[in-house]
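Worksheet: the structure to be examined is printed underneath.
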């Protein structure tokens, strides 16, 4: 898909409420914006897929949920792409449900604690393509700017190349992530940090530029599943993570409110005035 002509790919760019659907071209979003950092937009292209199941009728009383449950935009080229995307989404969706069960047990909660918060989820599947860089990037411009993921957690498969994923360690050093072949990376996200009162931290990460600009072997691709709970799920400190006599670090917020704020920043940029 990413090898198609640009004008062809642009036909599947979303319009209206479907902000995280379809194709987004190079340097049209910036994830560093979500941390209120000034930075040039990210050097990647993305194809987004939202929930395969249609939950719009259930959330009809929530007009603000329109973006979260907007219909998918399925490219018709290559012909097998739509079926492959749906199959991958379903596989990640199942794995996310199992991880929620594991996390509940680890947090001294009933195993099914998260199940009712994920049965009408609005998780996002993102296929990111990082093309070889033909021009020098702007100052501070990365393939993906430093950010934390918005949801509960992310399941990530990467086909790595020079210029890859890095995470920031507790001592503020950046460290390259090099998973064994065939394995998946799990990043904890902002909602899990809120649920656990920062007992489990959201992973600050970025994707750096290749060491040699214009190197033909530097293209990179990743496929991530961003586990977002039900739109109306309350994200508040869970009892097992609150010390006696202390107040939660974060106020309660719904999953929909939290994600909406983050997505708006990623498209707009800080002080840029772009919609």
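Residue numbers (the numbering used here): -10 to 264.
We put the CB at the ideal spot given by N, CA and C, even for glycine.
Predicted model, so just to flag it, every value in this text is computed and none were measured.
Same chain, Cβ closer than 6 Å to residue i, five either side skipped, listed in chain order
{"i": "residue 239", "result": "183"}
{"i": "residue 117", "result": "33, 35, 211"}
{"i": "residue 40", "result": "111"}
{"i": "residue 146", "result": "173, 212"}
{"i": "residue -1", "result": "none"}
{"i": "residue 261", "result": "Legend: pLDDT at residue 261 = 34, less than 50; position of this residue unreliable, value from coordinates given subsequently. Closer than 6 Å at the Cβ level, and outside the excluded window around residue 261, lies no residue."}
Closer than 8 Å to chain D by CB, residue i
{"i": "residue 248", "result": "Absent here is chain D; the protein component of the structure consists of one chain."}
Pair within 8 Å by beta-carbon distance, residue i and residue j
{"i": "residue 63", "j": "residue 45", "result": "no"}
{"i": "residue 153", "j": "residue 28", "result": "no"}
{"i": "residue 107", "j": "residue 140", "result": "no"}
{"i": "residue 75", "j": "residue 217", "result": "no"}
{"i": "residue 244", "j": "residue 224", "result": "yes"}
Of the residues the options, the one placed nearest residue i, counting alpha carbons only
{"i": "residue 242", "options": "213, 191, 215, 181", "result": "181"}
{"i": "residue 91", "options": "175, 47, 12, 4", "result": "175"}
{"i": "residue 105", "options": "220, 228, 253", "result": "220"}
{"i": "residue 11", "options": "100, 18, 38, 68", "result": "38"}
{"i": "residue 60", "options": "1, 96, 89", "result": "1"}
{"i": "residue -4", "options": "13, 9, 120, 8", "result": "13"}
{"i": "residue 215", "options": "82, 194, 226, 233", "result": "82"}
According to DSSP, residues forming a beta bridge with residue i
{"i": "residue 213", "result": "115, 145"}
{"i": "residue 171", "result": "In the DSSP output, where bridge partners are listed per residue, residue 171 has none listed."}
{"i": "residue 223", "result": "243"}
{"i": "residue 165", "result": "155"}
{"i": "residue 196", "result": "133, 154"}
{"i": "residue 268", "result": "No answer is possible for residue 268: the residues shown for the chain start at -10 and end at 264."}
Cut-off 7 Å between Cβ atoms - residues of its own chain near residue i, not counting five sequence neighbours on either side
{"i": "residue 16", "result": "30, 31, 32"}
{"i": "residue 102", "result": "93"}
{"i": "residue 78", "result": "38, 41, 114"}
{"i": "residue 132", "result": "31, 32, 33, 119, 152, 196, 197, 198"}
Proximal residues to residue i (C-beta, below 8 Å), its chain only, five neighbours per side dropped
{"i": "residue 250", "result": "none"}
{"i": "residue 148", "result": "209, 210, 211"}
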